[in-house]
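Protein chains: 2
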Amino acid sequence: MTDPTPRSSGPRGSYAKGIARRQEILDKSIEVFARRGAKKTSLRAIAQEVGVTHAALTHYFGSLEDLLVAVYREHERRSDSEHPETPADVSPALMMRVSAEENRSIPGLIQLYSTLVATALEEEGSPAHEFATQRFGRLRIELTDRVRLLQSTGQLRDDLEPSLVAALVIAASDGLQTQWLLDPSVDHEAALEMLDNLLAGDHRR
Amino acid sequence: MTDPTPRSSGPRGSYAKGIARRQEILDKSIEVFARRGAKKTSLRAIAQEVGVTHAALTHYFGSLEDLLVAVYREHERRSDSEHPETPADVSPALMMRVSAEENRSIPGLIQLYSTLVATALEEEGSPAHEFATQRFGRLRIELTDRVRLLQSTGQLRDDLEPSLVAALVIAASDGLQTQWLLDPSVDHEAALEMLDNLLAGDHRR
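Residue numbers (our numbering), protein chains in the order written: chain V, 1 to 205; chain F, 1 to 205.
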């Protein structure tokens, strides 16, 4: 992704100002998306809702797709800094449940996520494709490590291939989120808890 | 969804001709989408690839979104007629695996599916929203019944809530399909098989 920040277009002061201005627009954009979702829109319409000119939005973010990626990344960065370290003995599905729990309070951002993933599948090499490929890759590595650790301490069945468990848990969480958005009677959390128990080898539920 | 077939605009012969013409365009559209996926496109571009006028496509299908829904429905109708009845003792995840197996041979249609779901989340009441809500609802009912039956014959753990199993299996299959499209090293089939074994209570992987 190209970085449209005017890194060398002015003296130091104006660079710092550019960064601050970009962040300010990003903060407002997150509010706008959390409220409206990723409903069919244009960069022009977003600019209006955020209260900046279309030219400014293009200058700082490039295309609409670049802006959507930037907004979702910023959302994830904030979540990460609120929960800097998930304890190592938290199960993979519980980890996804916690993040899903947060997401449910902002359905607009789940819609945005789903749009990003669909866009990623549509075009290789696009900003959304890069974002989604990296995100899934990183999450799978993180969860695979977590599974291995939990298997070594007996908290998870040790006859399961860790990387498959990781892919399965991420898939289940994403897919359940989608079903829940379309039909709130789908109990996202209970289904992930069931998966957790199956992975742990429990016979509850 | 409105039906743009000219039901009362002419004598019986022209109605039948309209139906046949619509089906012919649909058949060609499926080929086009299977090849190209749902890459950012317009009704006009599709018309050109299919080899009809933009006006004809609009006449028979309405909007681009209507066409995407019609294409995916037709794809499902064909799959169903090729496999009219899945034996009742086939496990839910195996059922999803069979349909996923078919889908993998036509990545373009998986992309199309993912675009439809994302569009569904973007706008309530849209053709894609109606399609996705119906499809998930129908699949969950179908799989819930299957789970109950398999529990009664001891082929599935009977301490699991059938509707949660159904939602979980559908979610896992959809989510794994997405991950596989972005990274073919993700073993969609093995992960679903693992879920199947967990649901059956087996200790094989």
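Here a beta-carbon is modelled for each residue, glycine too, at the ideal position from N, C-alpha and C. Fair warning: this is a prediction, and the values are worked out from it, not measured in the lab.
Option in the options with minimal Cα separation from residue i
{"i": "F:L26", "options": "F:A120, F:V71, F:S14 and F:R36", "result": "F:V71"}
{"i": "V:E82", "options": "V:A93, V:S99 and V:D66", "result": "V:S99"}
{"i": "V:R212", "options": "V:R77, V:P127 and V:P87", "result": "Not covered by the structure: residue 212 of chain V. The range shown for chain V is 1 to 205."}
{"i": "V:A167", "options": "V:L149, V:A34, V:R135 and V:L68", "result": "V:R135"}
{"i": "V:D159", "options": "V:L116, V:L198, V:G137 and V:E189", "result": "V:L198"}
{"i": "V:S185", "options": "F:W180, F:R36, F:L182 and F:S163", "result": "F:S163"}
{"i": "F:H129", "options": "F:G137, F:R78 and F:L116", "result": "F:L116"}
{"i": "V:A47", "options": "V:S91, V:L57, V:P107 and V:K40", "result": "V:L57"}
{"i": "V:G154", "options": "V:R22, V:A172 and V:A200", "result": "V:A200"}
{"i": "V:E142", "options": "V:I30, V:S126, V:Q179 and V:I170", "result": "V:I170"}
{"i": "F:S91", "options": "F:R157, F:A132, F:L182 and F:Q179", "result": "F:R157"}
{"i": "V:G125", "options": "V:S114, V:I19 and V:D66", "result": "V:D66"}
{"i": "F:E122", "options": "V:S14, V:Y15 and V:R36", "result": "V:R36"}
{"i": "F:A191", "options": "V:L181, V:R140 and V:Q151", "result": "V:R140"}
Reduced DSSP secondary structure (H/G/I, E/B, other) of residue i
{"i": "V:H83", "result": "coil"}
{"i": "F:A88", "result": "coil"}
{"i": "V:V219", "result": "The structure shown does not extend to residue 219 of chain V, since chain V spans only 1 to 205, so no value can be given for it."}
{"i": "F:I106", "result": "coil"}
{"i": "F:K17", "result": "helix"}
{"i": "F:V98", "result": "helix"}
{"i": "F:G137", "result": "helix"}
{"i": "F:M1", "result": "Because F:M1 carries a pLDDT of 46, less than 50, the predicted location of this residue cannot be relied on, and the following value inherits that uncertainty. Three-state DSSP puts F:M1 in coil, outside helix and strand."}
{"i": "V:L195", "result": "helix"}
{"i": "F:K40", "result": "coil"}
{"i": "F:E123", "result": "coil"}
{"i": "V:S29", "result": "helix"}
{"i": "V:R205", "result": "The predicted position of V:R205 is uncertain, since its pLDDT is 37 and thus under 50; no value can be drawn from it."}
{"i": "F:V144", "result": "Residue identity check: residue 144 of chain F is Thr in the sequence provided, not Val. Helix at F:T144."}
{"i": "F:T115", "result": "helix"}
{"i": "F:T53", "result": "coil"}
Any chain F beta carbon closer than 8 Å to residue i
{"i": "V:D183", "result": "yes"}
{"i": "V:S114", "result": "yes"}
{"i": "V:D174", "result": "yes"}
{"i": "V:D187", "result": "yes"}
{"i": "V:V212", "result": "Shown here, chain V extends from 1 to 205; a query on residue 212 of chain V therefore has no answer."}
{"i": "V:G228", "result": "Nothing can be reported for residue 228 of chain V, as the shown portion of chain V is limited to 1 through 205."}
{"i": "V:V98", "result": "no"}
{"i": "V:H203", "result": "Note on V:H203: pLDDT 45, under 50, position unreliable in the model; the coordinate value appears next. Chain F, which has a Cβ nearer than 8 Å to the Cβ of V:H203, makes this yes."}
{"i": "V:V32", "result": "no"}
{"i": "V:A128", "result": "no"}
Beta carbon proximity, residue i to chain V, threshold 8 Å
{"i": "F:E122", "result": "yes"}
{"i": "F:M194", "result": "yes"}
{"i": "F:T178", "result": "yes"}
{"i": "F:L198", "result": "yes"}
{"i": "F:V69", "result": "no"}
{"i": "F:L150", "result": "no"}
{"i": "F:A207", "result": "Outside the displayed range of chain F (1 to 205) lies residue 207 of chain F, so it cannot be described from this structure."}
{"i": "F:M1", "result": "Per-residue confidence for F:M1 stands at a pLDDT of 46, beneath the threshold of 50, marking its modelled position as unreliable; no derived number is given."}
{"i": "F:A118", "result": "yes"}
{"i": "F:L143", "result": "no"}
{"i": "F:A45", "result": "no"}
{"i": "F:A20", "result": "no"}
{"i": "F:A88", "result": "no"}
Contacts that residue i makes with chain F (C-beta to C-beta distance below 7 Å)
{"i": "V:Q111", "result": "L121 and E122"}
{"i": "V:L164", "result": "D187, A190, A191 and M194"}
Chain B contact for residue i (CB, 8 Å cutoff)
{"i": "F:I170", "result": "Although the question refers to chain B, the structure presented lacks it and instead comprises the protein chains V and F."}
Within chain F, partners of residue i - CB distance below 8 Å
{"i": "V:G37", "result": "L121 and E122"}
Beta-carbon neighbours of residue i, restricted to chain V and to distances below 8 Å
{"i": "F:A93", "result": "Near F:A93 there are no residues of chain V at all, since even the closest Cβ is about 10 Å away, more than 8 Å."}
Residue i: contacting residues in chain F (beta-carbon distance under 9 Å)
{"i": "V:T133", "result": "L182 and D183"}
{"i": "V:K28", "result": "Going along chain F, no residue has its Cβ under 9 Å from V:K28, so there is no contact; the nearest lies around 21 Å."}
{"i": "V:L156", "result": "Residues of chain F passing the Cβ test: none, with the nearest at roughly 12 Å."}
Per-residue contacts from residue i into chain V (C-beta, under 9 Å)
{"i": "F:K17", "result": "None at all; the shortest Cβ gap to chain V is about 35 Å."}
Chain-ordered chain V contacts of residue i [CB-CB under 7 Å]
{"i": "F:L64", "result": "Here the premise fails: no neighbours, minimum Cβ distance about 12 Å."}
In chain order, what are the residue ranges of uninterrupted beta strand (DSSP E) at least 3 long that sit wholly in the region 149-178 of chain V?
Runs of the beta strand (DSSP E) inside the region 149-178 of chain V: none found.
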